[in-house]
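Asks: With the numbering used here applied, the sequence shown corresponds to residues 2 to 365, in that order.
One structure coming up, written as structure tokens, with questions to follow.
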Amino acid sequence: LLLFQRYHLIWFLVDRMSNWFELPGDEKKSSENPAVSQPHSHTNPQTQPSQASQHNVQMEQQPQVVQSLLPRTDRESLINIFRFNPHTQGWETQAFDDTYTPINPQRLRTYMQWNIMLNDWALELRTAHLVDNIKRYSPDIIGLQEVVHKHVPILLADPYIREHYYVTSHIFEGGRRFGVLMLTKVKPVLATSMYLNDLRGRGCICLHFRLTDTNGGGDFTYRVVSTHLDSNRTSEQSMRKEALAEVFNTSKSKARDTLFFGDMNMHWSREDRYVLEGWVDVWKQLKGSDEGFTYDSKLNGILQSSQDGRFRLDRIYLNSMFWRASSVNIIGTEVYTAHTSDGQTVKYATSDHFGMVFTLTPAS
């Protein structure tokens with residue numbers, strides 16, 4: 002375990018140094034490309050989305066609802082959505098549906114949030130535990146952060162995921178070492194990647210749905226956003242503030258109702274003031290004073306003895322006339338053991354973050 006803690010620290014420092022030499026503008030340029038590039042050469046085409054194509058969305062040919070969702074600035078771009086085809090045994094690009102029919106909100110009630118840790122240590126074992134949790138909770142929408150290319154073949158080879166989910170991610174584009182990946186049981190109207198002003202250009206993924214208001218309020222647009230914000234505890238607070246404000250304000254212009262969740266890296270309670278009026282902190286609303294640590298060096302099998310602190314880094318924010326949050330829980334707290342090649346036994350967990358599952362219910 003001590004060896005792993007040292008490895009974890011060394012990897013963190015190397016990652017930091019590498020980002021000093023990366024040009025955010027280059028990553029921004031990559032995120033603005035409306036087409037997903039061909040998979041990297043080291044990926045398996047049977048388990049990696051492999052049929053990239055231009056979207057060729059013509060604004061004037063789209064219904065008014067779809068037109069309103071299309072990116073209007075160079076900070077947001079269309080990205081492909083993939084679905085597994087059992088006949089071709091491959092993940093294929095899905096065309097955007099210009100006759101999209103509003104769906105029943107009951108199909109989008111359950112969610113999972115998880116930063117799944119990008120380093121290689123026990124990656125196959127940890128990803129297998131992640132898949133087990135996906136099968137156990139069967140969420141309608143999943144947001145994952147720190148997804149690297151080595152995660153993708155494991156996730157997309159699983160029969161359950163192939164049968165039930167669409168997938169989209171900006172790591173399928175060129176130039177990204179890791180990023181956000183989203184899985185959804187319901188095909189969205191469209192998916193976009195939004196560039197945020199941070200050191201790594203990680204940004205966020207936005208899924209747009211058209212729902213039927215079962216309370217009699219007419220059809221409405223529902224935007225689900227998953228993100229990973231900058232991680233420095235002090236120097237990058239201003240970047241997190243700017244990124245949060247951009248998502249909050251952009252969502253207001255795109256959709257009546259928005260769910261925004263992910264690894265916000267908000268270490269301090271003083272950062273709560275960055276949350277704009279009208280947005281509900283789901284954990285605080287339902288759990289009150291419960292601390293809700295998702296990064297916990299006391300309880301997490303990977304972080305134990307690291308003295309790295311205990312923080313509620315993963316957040317869920319809701320701005321909605323239709324939805325209210327009805328449950329939220331932390332998952333993935335199990336501690337596992339593995340045996341090294343030299344006979345030692347080490348402890349590990351699914352990730353250095355705990356996951357979260359939560360449920361939304363139509364407000365009465």
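Think of the CB as a built atom: it goes at the ideal place given N, C-alpha and C, for glycine as much as any other residue.
Quick check on DSSP: helix, strand or coil for residue 156?
Replies: In the sequence shown, counting from the first residue as 1, residue 156 sits at position 155. DSSP places residue 156 in helix when its eight states are reduced to three.
Asks: Per DSSP, residue 228 is paired with what?
Replies: As a position in the sequence shown, residue 228 is number 227, starting the count at 1. 205, 263, per the DSSP bridge assignment.
Asks: So, are the CB atoms of residue 264 and residue 354 less than 9 Å apart?
Replies: The count along the sequence shown starts at 1 and reaches residue 264 at position 263. The count along the sequence shown starts at 1 and reaches residue 354 at position 353. Result yes, Cβ atoms of residue 264 and residue 354 sit closer than 9 Å.
Asks: Determine the direct distance from the alpha carbon of residue 315 to that of residue 124, and round the result to whole angstroms.
Replies: By one-based count along the sequence shown, residue 124 stands at place 123. By one-based count along the sequence shown, residue 315 stands at place 314. Approximately 21 Å between the Cα atoms of the pair.
Asks: Using three-state DSSP, classify residue 363 as helix, strand or coil.
Replies: Here residue 363 refers to the residue found at position 362 when the sequence shown is read from its first residue. Note: residue 363 maps to strand in three-state DSSP.
Asks: Would you identify the three-state DSSP class for residue 117, choosing helix, strand or coil?
Replies: By 1-based counting over the sequence shown, the position of residue 117 is 116. Note: residue 117 maps to coil in three-state DSSP.
Asks: For residue 190 versus residue 262, is the C-beta spacing smaller than 9 Å?
Replies: Within the sequence shown, residue 190 is the residue found at index 189, counting from 1. Within the sequence shown, residue 262 is the residue found at index 261, counting from 1. Cβ distance not < 9 Å, so residue 190 and residue 262 don't count as in contact.
Asks: What number of angstroms, rounded off, separates the C-alpha of residue 257 from the C-alpha of residue 225?
Replies: Here residue 257 corresponds to residue number 256 of the sequence shown, with the count starting at 1. Here residue 225 corresponds to residue number 224 of the sequence shown, with the count starting at 1. If I take the Cα positions, the gap works out to 11 Å.
Asks: In whole angstroms, what separates the C-alpha of residue 77 from that of residue 187?
Replies: Here residue 77 is taken as the residue at index 76 of the sequence shown, counted from 1. Here residue 187 is taken as the residue at index 186 of the sequence shown, counted from 1. Going from the Cα of residue 77 to the Cα of residue 187 covers about 22 Å.
Asks: So, under 8 Å CB-CB, residue 299 and residue 313 are touching, yes? Tell me the CB distance rounded to an integer number of Å.
Replies: Taking the sequence shown and counting its residues from 1, the one referred to as residue 299 is at position 298. Taking the sequence shown and counting its residues from 1, the one referred to as residue 313 is at position 312. That pair is no contact at about 14 Å.
Asks: Excluding the 5 residues preceding and the 5 following residue 108 in the sequence, name in chain order all residues of the same chain whose CB lies nearer than 8 Å to its CB.
Replies: Numbered from its first residue, the sequence shown carries residue 108 at position 107. Result list for residue 108: 141, 186, 187, in chain order.
Asks: If you drop the 5 nearest sequence neighbours on each side, which residues of the same chain put their C-beta closer than 6 Å to that of residue 127?
Replies: As a position in the sequence shown, residue 127 is number 126, starting the count at 1. The answer, listed in chain order, is 351.
Asks: Using the beta-carbon count (16 or more within 10 Å), is residue 340 buried or exposed?
Replies: The residue given as residue 340 occupies position 339 in the sequence shown. Answer is exposed; the Cβ neighbour count stays below 16.
Asks: In three-state terms, what does DSSP make of residue 286?
Replies: Counted from its first residue, the sequence shown places residue 286 at position 285. Correct three-state label for residue 286: helix.
Asks: What is the DSSP secondary structure of residue 341, reduced to helix, strand or coil?
Replies: Here residue 341 refers to the residue found at position 340 of the sequence shown. It is coil, neither helix nor strand.
Asks: Comparing alpha-carbon positions, which option in 309, 205, 219, 154 lies nearest residue 244?
Replies: In the sequence shown, counting from the first residue as 1, residue 244 sits at position 243. Of the candidates 309, 205, 219, 154, the one whose C-alpha sits nearest the C-alpha of residue 244 is 205.
Asks: Counting Cβ pairs, one atom from each stretch, are 3 or more of them under 8 Å apart for the region 132-141 and the region 214-222?
Replies: Output reads no: the region 214-222 does not touch the region 132-141.
Asks: Could you tell me which residues DSSP puts in a beta bridge with residue 78?
Replies: If you number the sequence shown from 1, residue 78 lands on position 77. Paired residue(s): 194.
Asks: Provide the residue span of the alpha helix (DSSP H) that contains residue 123, from first to last.
Replies: The residue labelled residue 123 in the question sits at position 122 within the sequence shown. Run containing residue 123: none; DSSP gives neither H nor E here.
Asks: Are the beta-carbon atoms belonging to residue 115 and residue 349 less than 9 Å from one another?
Replies: Position 114 of the sequence shown, counted from the start, is the residue given in the question as residue 115. Position 348 of the sequence shown, counted from the start, is the residue given in the question as residue 349. Taking 9 Å as the Cβ cut-off, residue 115 and residue 349 do not qualify as a contacting pair.
Asks: Among residues of its own chain, excluding the 5 on either side of residue 363, which ones have a beta-carbon nearer than 7 Å to its beta-carbon?
Replies: The sequence position of residue 363 within the sequence shown is 362, counting from 1. Taken in chain order, the residues that qualify are 106, 215, 216, 323, 324.
Asks: Would you check if the distance between the CB atom of residue 193 and the CB atom of residue 70 is smaller than 9 Å?
Replies: Numbered from its first residue, the sequence shown carries residue 193 at position 192. Numbered from its first residue, the sequence shown carries residue 70 at position 69. Their beta carbons are under 9 Å apart, which means residue 193 touches residue 70 by this criterion.
Asks: With H, G and I counted as helix, E and B as strand and the rest as coil, what does DSSP make of residue 245?
Replies: The residue given as residue 245 occupies position 244 in the sequence shown. Residue 245 falls in the helix class under three-state DSSP.
Asks: Helix, strand or coil for residue 70 per DSSP?
Replies: Looking up residue 70 in the sequence shown gives position 69. Helix at residue 70.
Asks: Anyone know if the C-beta pair for residue 367 and residue 210 falls short of 9 Å?
Replies: Coverage of the chain is limited to positions 2 through 365, which leaves residue 367 absent and any answer about it impossible.
Asks: By Cβ distance below 8 Å, which residues in the same chain neighbour residue 288 in space, the five residues on each side in sequence not counted?
Replies: Start at 1 with the first residue of the sequence shown, and residue 288 comes out as number 287. Same-chain partners within the cutoff: 329.
Asks: Going by other Cβ atoms of all chains shown within 10 Å of its Cβ, with 16 needed for buried, is residue 50 buried or exposed?
Replies: Here residue 50 refers to the residue found at position 49 of the sequence shown. With 16 or more other Cβ atoms within 10 Å, it is buried.
Asks: If you draw a straight line from the C-alpha of residue 338 to the C-alpha of residue 255, how long is it?
Replies: Taking the first residue of the sequence shown as 1, we reach residue 338 at position 337. Taking the first residue of the sequence shown as 1, we reach residue 255 at position 254. One C-alpha to the other measures close to 46 Å.
Asks: I'd like to know whether the C-beta atoms of residue 113 and residue 143 end up nearer to each other than 9 Å.
Replies: Walking along the sequence shown from the start, residue 113 turns up at place 112. Walking along the sequence shown from the start, residue 143 turns up at place 142. The answer is yes: Cβ separation under 9 Å.
Asks: Taking all protein chains shown into account, do 16 or more other C-beta atoms lie within 10 angstroms of the C-beta of residue 301, making it buried, or fewer, making it exposed?
Replies: On the sequence shown, position 300 is the one that residue 301 refers to. Buried, since its Cβ has 16 or more Cβ neighbours within 10 Å.
Asks: Would you report the Cα separation of residue 336 and residue 281, rounded to the nearest angstrom?
Replies: Taking the first residue of the sequence shown as position 1, residue 336 is located at position 335. Taking the first residue of the sequence shown as position 1, residue 281 is located at position 280. Each residue's alpha carbon lies about 32 Å from the other.
Asks: Of the residues 163, 283, 271, which one's Cα is nearest the Cα of residue 357?
Replies: Start at 1 with the first residue of the sequence shown, and residue 357 comes out as number 356. Residue 357 has its Cα closest to that of 283, out of 163, 283, 271.
Asks: State the DSSP-derived secondary structure class of residue 303, mapped to helix, strand or coil.
Replies: As a first step, residue 303 must be located in the sequence shown, where it is residue number 302. Of the three classes helix, strand and coil, the one that applies to residue 303 here is coil, per DSSP.
Asks: In three-state DSSP terms, what is residue 348?
Replies: As a position in the sequence shown, residue 348 is number 347, starting the count at 1. Residue state, collapsed to three classes: strand.
Asks: Taking the alpha-carbon positions, what's the residue 88 to residue 253 distance?
Replies: Counting from one through the sequence shown, the residue named residue 88 turns up at place 87. Counting from one through the sequence shown, the residue named residue 253 turns up at place 252. Residue 88 and residue 253: Cα-Cα distance of roughly 41 Å.
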